[in-house]
Structure formats: structure tokens, C-alpha cells
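Read the structure below first, then the notes.
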Amino acid sequence: MNRLVVQKYGGTSVGTIERIKKIAERIARMRKEGLDIVVVVSAMAGETDKLLEMAKQISPSGKDREIDLLLSSGERISCALLSMALDSIGCLAVSMTGRQIGLLTDNAHTKARIKAIDSKRALKAIDSGHVVVVAGFQGVNEHGDVTTLGRGGSDTSAVALAATLKAKRCEIYTDVDGVYTADPNIVPDARRMNRVSYDEMLEMSSLGAKVLQFRCVEFCKKYDMPLIVKSSLVDNSKGTLICKEDSSMEQPVVSGIMIDKNQAKITIKGVPDQPGIASKFFTGLAEVDLSVDMIIQNVSDESHTDISFTVTNEDINKATKIVQELGKLIEARNINADPNICKVSIVGAGMRSHPGVAAKMFSALSKENINIMMISTSEIRVSCIIEEKYGELAVRVLHKAFNMTKV
Ligand code: ADP
Ligand code: ASP
Ligand code: MG
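Counting from 0, one number per residue, gives the positions in the sequence shown under numbering that gives the first Met the number 0.
Written as C-alpha cells, this is what we have:
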């Protein structure tokens, strides 16, 4: 019988020595009940930001290879401490870094993708009765250099390990009691969802619900690995199950409101309205691996037009520099970069069959005098770019307009 469970504890859950001791007790209890356990940990709360800040003080454009080695140390600390805490209460445990667990990635430092996991060492440790405590968020590339998996990447380490080790389930322990209709720290009366389909969770994560990293949900879907999101801070957390869609799942018109503050907008004014211009800009950005999200181009005015697009805040300087160089060549009138924006989105599978959802969203925002700068839609989503200072208000207003507190 499969008794293996992979558990992941996020930054708040391992944020203090007291919390690490508490988690160790919980794991030891489950071990006594007969489960085999692999635990993936994040760095202690705030640690990754602290390390990044230190790097910035040395050099604002530090090399990604060095950043990765630096950041990986946060997870190593919590991993070793939790392993020691387990050991001190008589629960056999062994800590492992990304390299020791055999997690191989590509070479994209700071946002590496997992290529394979060589599970031999982990399986041996489990067989000999150890709880394996893994430093999340990290791996090594083909050169043996340490890589990291992007912010929130320990979620992905956990699911990838669960899939490779063929665990019966993966449990993500965090500081909220599951996945909610909106970030419960922004909307106090947001509702916890019992179950969410892989596809809906993919949309929610990609639009800013940082409770699960997007790539972690991609893995779950690919390997059909059921995932439970629970709170580590309370004992009777009910949690949310992320699983395959089935007919008994609720399909409200709007199931979630997301906000992504990590967005910036670049506008290129007065570019010639000719074939090949958009291609020049976006090829230039793609060549240096910059992902662009929303794009709008205005109607031509006297053979010139404006193009706006969004990138993440981390990419704004790099993107602006490239656009400025290309803009000079085609004599664009002006280039403007605005980091003070955010993206607010509504998501719901039921939207497909209900017209008027976008109209309702725009009307709710206009009642609060919130100006919409850009709009994009898909079958099950509507997103608006607005000023960042109105972002949280917009989430609350939309949650109310779509009556989401009630089932
Ligand atoms: P961890 O350190 O455990 O990985 P994170 O901070 O990455 O935790 O993710 C948990 C946070 O995600 C919550 O504290 C909450 O503010 C935020 N969040 C955003 N959207 C949602 C949502 N729809 N449901 C639950 N939490 C959400
Ligand atoms: N410590 C990393 C971060 O803060 C990874 C993680 O927590 O999952 O993004
Ligand atoms: Mg996280």
C-alpha cells in the first residue's frame, strides 16, 4: 500500500524556531501513525527578500548565477533546522539540498525549470525509515551550478517530488486555510472553496493568486497529482482540494477575483503605422527572454499609432532599455514606463455561458471612479489594468458586485 505523502511548509509555517518545533511534532505524530513522509520547506518568512536586498546593496544588477547560490541558502537553513528538530524528538530524519535530492533543472538562473529528479537517494532514505527534509525552490543545472525555480518555487519542488516518488498525495501547508474566492488578506469575507479544478487553479495562479506557484499547478495537472492546500497554523484546517474537474463541482459564473501587483506598463507613442513595426519591438523583447503579457495598439492617427504592453516589475528596466533602442531607430515620439499599475481579474468557468459578465465588471469599477487602462479577455477570464493604488479596493468592490461570499 502506498503510504508516502509529500508535505510542503511555506515561509510563515517555518518562520520561527517555535513554529519549526511545532511542525516537527506534527510530522513525528503522522510518522508514528504509519505514513512515510517527505517534507519540502521554504526559507523562513522574509529571508528570501532579505537576501535579495543584501545583493542589491552590493550591486543592483547582480549576476543571476550568484543570486541563485545566495537565495538557495534560505531554504537550506530551514531544512537543516527542521531535520534537527525532528531528530531531537526521536524522529529519524535527514536533510537534503536540491543537489542531494537529485533535482536537475535547465540553465535559466532565477526561473529554472525542472528537467528530471533522480530519486534514488530519497527512496533509499525513506526505505531506511527516515523522514526526508528537502530544501525547496532549488536544483542544479547540467554544469552543477545551483539554480532556483522562481518566487514561490518550493510549491513546485513539492509537487514534482510527489509525482516522481509516486506519492499518494501532496499537501501544501501555508498561512491560510485553503484557496479562497479572493486573497483573504484583502477581502476578509472571501469564501474558502472546498474543491477547485486544475484548470481553474491554473488561471487563478497565473493571474496572481500566489497561494500556489503557477508551475506547481501545471505539474499537478500533468501528473494528475491531487493537491491539498491547508493551514499549518491551526489544527483543524479544512483546506482546499485541487483535482480533476468533475460534474459535482460548483460552476459559479465568477469563482475568483485575482490581483497581480507585479505588473508594469510600457507605452511607445507615435510609431509609424506600418507592417513590421510591432514585430520589431516584440522580437527584440523575446530575444532576451522577456515575457510580455497584455498588448494594445491604438487606432492609427495620421499614419502614426501608440503601442502599450505589460511586463513584470522585475523586467521593466530591461524592457524599457530595449524599447528605447528600437524606438530611436524608427523615430518613435516618446517612451513611457509606469510601474504603478496592477492587473485585476475575474475568473470563472461559468462565464462561457453567461453574457454580460465583463459589462458588470466595468460598471462596478466605474461606480468607484476607477479608470481602466487596458482590458484583455479569454473564455473564462476578464482582466483590467488599473492604477495600483486602487487595486485592493477594486478586488473588494468586484467580490461584492458578484456576490461571492455566498455559495
Ligand atoms: P507560503 O509562504 O506558505 O508559500 P504564500 O505567501 O506564498 O505562502 O501564499 C499564501 C498567501 O497567498 C496568503 O497569505 C494570501 O495572502 C495569498 N493569496 C492570494 N490569493 C489567494 C487566494 N485566492 N486564496 C488564498 N490565499 C491567497
Ligand atoms: N523562498 C522562496 C520565495 O520566497 C521560495 C518559496 O517560498 O517557495 O519565493
Ligand atoms: Mg508560496
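Here a beta-carbon is modelled for each residue, glycine too, at the ideal position from N, C-alpha and C. Note that this is a predicted model, so its numbers are computed, not measured.
Check: beta-carbon Thr47 near the ligand MG non-hydrogen atom, thresh 8 Å; Outcome: no
Check: Strand pairing of Ser230, partner residues [DSSP]; Outcome: Thr173
Check: Contained alpha helix (DSSP H) runs [length at least 4] in the region 107 to 183, N- to C-terminal order; Outcome: 119 to 126, 153 to 163
Check: Contact set for Val407: own chain, Cβ-Cβ below 7 Å, skip 5 residues either direction; Outcome: With the chain covering 0 to 406 only, the question about residue 407 has no answer from this structure.
Check: As assigned by DSSP and simplified to three states, the class of Phe308; Outcome: strand
Check: Backbone secondary structure at Ala54 - three-state DSSP; Outcome: helix
Check: Ser352 (DSSP reduced to helix, strand or coil); Outcome: helix
Check: Touching by the beta-carbon criterion (3+ pairs, under 8 Å), the region 131 to 140 and the region 26 to 40; Outcome: yes
Check: Assigned secondary structure, Ala285 (DSSP; H/G/I helix, E/B strand, else coil); Outcome: helix
Check: Start-to-end residues for the beta strand (DSSP E) that takes in Gly326; Outcome: Note, Gly326: premise wrong, no beta strand (DSSP E); alpha helix (DSSP H) at 315 to 328.
Check: Alpha-carbon to alpha-carbon, Lys20 and Leu81; Outcome: 7 Å
Check: Whole-angstrom C-beta distance between Gln262 and Lys317, which should lie under 8 Å; Outcome: Actually they are not in contact, since the Cβ atoms of Lys317 and Gln262 sit about 15 Å apart, beyond 8 Å.
Check: Phe218: CB within 8 Å of a non-hydrogen atom of the ligand ASP; Outcome: no
Check: Nearest candidate by alpha-carbon position, reference Ser156, set Arg190, Ala124, Ile116; Outcome: Ile116
Check: Contact check, Met403 vs Ala181, beta carbons under 9 Å; Outcome: yes
Check: 9 Å Cβ cutoff, Lys359 in contact with chain C; Outcome: Any reference to chain C falls outside this structure, which holds one protein chain only.
Check: Cβ-based burial, Ile408 [other Cβ within 10 Å; buried from 16]; Outcome: Because the chain is modelled from 0 through 406, residue 408 falls outside the range shown and cannot be assessed.
Check: Any non-hydrogen atom of the ligand FAD within 8 Å of Gln262 CB; Outcome: What this structure holds is the ligand ADP, the ligand ASP and the ligand MG, not the ligand FAD.
Check: Own chain residues within Cβ distance below 6 Å of Gly149, not counting five before or after; Outcome: Lys110
Check: Where the beta strand (DSSP E) containing Ala466 begins and where it ends; Outcome: Nothing can be reported for residue 466: it is not among the residues displayed for the chain, which extend from 0 to 406.
Check: Which listed residue (Ser365, Ser87, Lys119) has its alpha carbon closest to that of Ala23; Outcome: Ser87
Check: Nearest neighbour of Val356, chosen from Gly275, Ser377, Gln212, Ala54 [CA to CA]; Outcome: Ser377
Check: Host alpha helix (DSSP H) of Ile22 (start-end); Outcome: 16 to 31
Check: Pairwise C-alpha distance: Ser153 and Gln76; Outcome: First, the residue type needs correcting, since residue 76 is Ile and not Gln in the sequence shown. In a straight line, the C-alpha of Ile76 is about 14 Å away from that of Ser153.
Check: Beta-carbon spacing of Val252, His129 below 9 Å; Outcome: no
Check: Classification of Ile257 by the beta-carbon crowding that lies within 10 angstroms, buried from 16 upward; Outcome: It is worth fixing the name first, because residue 257 is Met in this sequence and not Ile. It is buried - the Cβ of Met257 has at least 16 other Cβ atoms within 10 Å.
Check: First and last residue of the uninterrupted beta strand (DSSP E) at Ile371; Outcome: Careful: Ile371 lies outside any beta strand (DSSP E) and carries neither H nor E.
Check: Exposure label - Leu328; buried when at least 16 CB within 10 Å; Outcome: exposed
Check: Pro183 Cβ short of 8 Å to the ligand ADP heavy atom set; Outcome: yes
Check: Sheet register partners of Leu240 (DSSP bridge); Outcome: Arg194, Ile227
Check: First and last residue of the uninterrupted beta strand (DSSP E) at Lys342; Outcome: 333 to 346
Check: For Ala336 and Lys431, the rounded distance between their alpha carbons; Outcome: In the structure displayed, the chain extends from 0 to 406; residue 431 sits before or after that span and is not available.
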